[in-house]
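>
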Amino acid sequence: MSTLIEINSDSYPNEDVCVTTTIERIDSTMTYNDFFTKYLICNKPCVISFQATEDWPCKHEWVLNGAPNFEALRKLFGHSIVPVADCNRKFYNSQFKNNMLMENYLEYWVDYKRSCYDKSMPLLYLKDWHCVRSFSDIPMYEVPQYFVSDWLNEYYNAHPELNDDYMFVYMGPKETWTPLHADVFTSYSWSANIVGRKRWLLFPPHEEDHLRDLYGQLVYDVVSEELNDHTKYKMYDSKKLKCFDVIQEAGEIIFVPSGWHHQVWNLEDTISVNHNWINGCNITNAWCTLKKELRSVMKEVDDCKDMKNWNEHCQLMLKTSYGMDYKQFLEFILFIAKNRLHAMIKKSQVISFNKYYFGHNHCLFDLRALKIILEDIITDAQDLSVYNWMCENDKARILLKHIASFLDSCNIENAVSS
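If you read the sequence shown in the UniProt record's numbering, its first letter stands for residue 1, the second for the next number, and so on.
Here it is, written out as structure tokens:
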């Protein structure tokens, strides 16, 4: 039986509600509409209490006496190849990564723990592991209702040939950490602690500008003494910097808004489930970031502008550096838009994570957001002379006309009924 996910037709908060002065803690009795209005639209972080994860299978099967159950993890995943970062080795502005056999990683972890976390040993962190994709037959967790309007994973789950998704498992001993960053595509993220505790430093949008050096590069470690070098970090002032310091307990879920930079430490041996996602509330952020990234690429290779297919070459560089180019972003937007339009016209259901479906107002909200983005994609692609390259048979403009026509008919109906 599917569960309805719906919002009010007037789900737009006032500005005061959207001001972040503290990281609010909420419980799972909050309605979807309230979460949508207060946190998703407002782009505000929060922490959700442990009740939301209590019934997850992984919360019981992967944990023993309040710590990771290494034997159970070995039996389930021992023969998997997993991505592991060395927290003590810097690679450009991130950590050096390699692949390991899960069995070997767990052996390392047990040895490290037995050694009382000896500083002479490597500090290894299993991160960005597509566990669900690799083990789709093993029940692990249910996506909380607040996060099911997830266009990114809706798209990738429907396209297995792309062999990708944005659903990850992280595992690591205490003191493993992730350097300062904002999430991929300026997406939202949610992170649930299956076991263990984390410390988060969260920076609202634009605060990261105070953490850049003379060349515009973000500091690697936000608590390092490096920031006190004012000849290199001229914008840094610890007294003026806005930052939220949050401890996330076992079972709790943290919601990280779009474009918020953050740095994270495991305070204990920790396992977490993380999703990145985009929806109608933050799609504008994602699109604006993609446009900005393309302009950076174009500026970088401006001296080659006279070469044949320069625009397409820029798109290839964009996909390499950013993970998505204009063509794939448009395919993503068209897929979601077709799903929502079909659901509205045919009165069918868009099913999310095999359990939820979106109501009339939610689909309408999505279509309005999609219309605005599609209009701008088409305009920008035409200005850059890549529209025909990225869009066969004018399908973007045709779908946009269908969406506009449908939304106009909804406006007429509303005017008549009122």
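Backbone N, C-alpha and C define an ideal beta-carbon position, used for all residues, glycine too.
Could you pull out every unbroken alpha helix (DSSP H) segment of at least 4 residues lying fully inside the segment 47-98, listed in chain order?
Taking only runs of at least 4 residues, the alpha helix (DSSP H) segments lying wholly in the segment 47-98 are 57-61 and 70-77.
> Tell me the DSSP bridge mates of F358?
Against the sequence shown, residue 358 aligns to sequence position 358. The partner list for F358 (beta bridge, DSSP) reads I5.
> Starting from the Cα of E71, find the closest Cα among V110, M1, Y322 and E208 and give me that residue.
On the sequence shown, residue 71 is found 71 positions in, with the first residue counted as 1. Among V110, M1, Y322 and E208, the Cα nearest to that of E71 belongs to V110.
> Looking only at DSSP bridge pairs, what is R199 linked to?
Taking the first residue of the sequence shown as position 1, residue 199 is located at position 199. R199 is bridged to I247 and W265.
> Straight-line CA distance for E226 to I247?
Reading the sequence shown from its first residue, position 226 is the one you call residue 226. Reading the sequence shown from its first residue, position 247 is the one you call residue 247. Going from the Cα of E226 to the Cα of I247 covers about 24 Å.
> Taking the alpha-carbon positions, what's the Y215 to F185 distance?
To locate residue 215, count along the sequence shown from 1; it is residue 215. To locate residue 185, count along the sequence shown from 1; it is residue 185. Distance between the alpha carbons of Y215 and F185 is about 22 Å.
> Determine whether the beta carbon atoms of A67 and Y125 lie at a separation below 8 Å.
On the sequence shown, position 67 is the one that residue 67 refers to. On the sequence shown, position 125 is the one that residue 125 refers to. No. Outside cutoff.
> In the DSSP assignment, the alpha helix (DSSP H) including E388 goes from what residue to what residue?
Numbered from its first residue, the sequence shown carries residue 388 at position 388. What sits at residue 388 in the sequence shown is Asn, not Glu. Element bounds for N388: Y387 to M390.
> Does DSSP put T289 in a helix, a strand or coil?
The sequence position of residue 289 within the sequence shown is 289, counting from 1. The answer is helix: DSSP assigns T289 an H, G or I state.
> Between the alpha carbons of E207 and D137, how many angstroms are there, rounded?
In the sequence shown, residue 207 corresponds to position 207, counting from 1. In the sequence shown, residue 137 corresponds to position 137, counting from 1. Between E207 and D137, the C-alpha separation is close to 42 Å.
> Go through its chain and collect everything with a Cβ distance to N279's Cβ below 7 Å, but skip five positions before and after it.
Within the sequence shown, the letter at position 279 stands for residue 279. The residues are S149, D150 and W151.
> Using three-state DSSP, classify K127 as helix, strand or coil.
To locate residue 127, count along the sequence shown from 1; it is residue 127. Strand, per DSSP.
> Could you tell me how far apart the beta carbons of W277 and P204 are, in whole angstroms, since I believe they sit closer than 8 Å?
Along the sequence shown, one-based indexing puts residue 277 at 277. Along the sequence shown, one-based indexing puts residue 204 at 204. In fact, because the Cβ distance is near 20 Å, the residues do not count as touching under 8 Å.
> Check whether the Cβ atoms of L76 and L106 sit closer than 8 Å, and answer yes or no.
The sequence position of residue 76 within the sequence shown is 76, counting from 1. The sequence position of residue 106 within the sequence shown is 106, counting from 1. Not in contact: L76 and L106 (Cβ atoms no closer than 8 Å).
> Along the chain, where does the beta strand (DSSP E) containing N276 start, and where does it finish?
Here residue 276 corresponds to residue number 276 of the sequence shown, with the count starting at 1. T270 to W277 is the extent of the beta strand (DSSP E) around N276.
> Please give the ranges of any beta strand (DSSP E) in the segment 127-201, keeping only runs that are unbroken, at least 3 residues long and fully inside the region.
List check, beta strand (DSSP E) in window: 167-172, 177-181 and 188-195.
> Taking a contact to mean a Cβ-Cβ separation below 8 Å, would you say Y170 touches S49 in this structure?
On the sequence shown, residue 170 is found 170 positions in, with the first residue counted as 1. On the sequence shown, residue 49 is found 49 positions in, with the first residue counted as 1. Against a cut-off of 8 Å, the Cβ pair of S49 and Y170 comes out as no contact.
> Could you give the uninterrupted runs of the alpha helix (DSSP H) lying entirely in the segment 296-369, keeping only those of 4 residues or more?
Correct list: 310-322 and 326-346.
> Could you tell me which of K308, F135 and T53 sits nearest to I81, measuring between CA atoms?
Along the sequence shown, read from residue 1 onward, the residue named residue 81 stands at position 81. Selected option, being the one with the closest Cα: F135.
> So for M100, helix, strand or coil by DSSP?
Here residue 100 is taken as the residue at index 100 of the sequence shown, counted from 1. Three-state DSSP puts M100 in a strand.
> Taking DSSP as the reference, what is the three-state secondary structure of L256?
Along the sequence shown, one-based indexing puts residue 256 at 256. What sits at residue 256 in the sequence shown is Val, not Leu. Looking at V256 - three-state DSSP - the assignment turns out to be strand.
> Kindly list the residues whose CB is nearer than 7 Å to the CB of S258, restricted to its own chain and excluding five residues on each side of it in sequence; keep chain order.
The count along the sequence shown starts at 1 and reaches residue 258 at position 258. N43, T186, S187, Y188, N282 and N285, listed in sequence order.
> Assign M167 to one of two classes, buried (16 or more other C-beta atoms within 10 Å of its C-beta) or exposed (fewer than that).
As a first step, residue 167 must be located in the sequence shown, where it is residue number 167. Answer is buried; the Cβ neighbour count reaches 16.
> Under the rule that 16 or more other beta-carbon atoms within 10 Å means buried, what is S191, buried or exposed?
Against the sequence shown, residue 191 aligns to sequence position 191. Burial call: buried.
> Compute the beta-carbon to beta-carbon distance between L334 and K395, rounded to the nearest angstrom, for a pair I have assumed lies under 8 Å.
Position 334 of the sequence shown, counted from the first residue, corresponds to residue 334. Position 395 of the sequence shown, counted from the first residue, corresponds to residue 395. Rounded, the Cβ-Cβ distance is 7 Å, consistent with contact.
> Pick from Y220, I7 and I345: whose alpha carbon is nearest that of M30?
For the purposes of this step, residue 30 is taken as the residue at position 30 of the sequence shown. The residue with the shortest Cα to Cα distance from M30 is I7.
> What would DSSP say about L218, mapped onto helix, strand or coil?
On the sequence shown, position 218 is the one that residue 218 refers to. The answer is strand: DSSP assigns L218 an E or B state.
> Using C-beta distances below 6 Å, list every residue in its chain close to Y146, excluding the 5 sequence neighbours before and after it, in chain order.
Walking along the sequence shown from the start, residue 146 turns up at place 146. So the list reads F35, once near-sequence residues are dropped.
> Does DSSP put I23 in a helix, in a strand, or in coil?
The residue you call residue 23 lines up with position 23 of the sequence shown. Here I23 sits in coil by DSSP.
> Output the distance between the C-alpha atoms of C288 and K319, rounded to the nearest integer angstrom.
Position 288 of the sequence shown, counted from the start, is the residue given in the question as residue 288. Position 319 of the sequence shown, counted from the start, is the residue given in the question as residue 319. One C-alpha to the other measures close to 15 Å.
> Closer than 7 Å to a non-hydrogen atom of the ligand MN - does that hold for the CB of P122?
Absence of the ligand MN is noted for the structure shown, with no ligands found whatsoever.
> Is K59 buried or exposed, if buried means 16 or more other CB atoms sit within 10 Å of its CB?
For the purposes of this step, residue 59 is taken as the residue at position 59 of the sequence shown. Label assigned to K59: buried.
> Which residues in the same chain have their Cβ closer than 6 Å to the Cβ of D325, if we skip the five residues on either side of it in sequence?
For this step, residue 325 is matched to residue 325 along the sequence shown. Once the five neighbours on either side are set aside, the close Cβ partners of D325 are Q315, L318 and K319.
> Between the Cα of V143 and the Cα atoms of S120, H360, E312 and D55, which residue gives the shortest distance?
Position 143 of the sequence shown, counted from the start, is the residue given in the question as residue 143. Measuring from the Cα of V143, the nearest candidate turns out to be D55.
> Do you know how far the Cα of R114 is from the Cα of C18?
Counted from its first residue, the sequence shown places residue 18 at position 18. Counted from its first residue, the sequence shown places residue 114 at position 114. So the two alpha carbons sit approximately 46 Å from each other.
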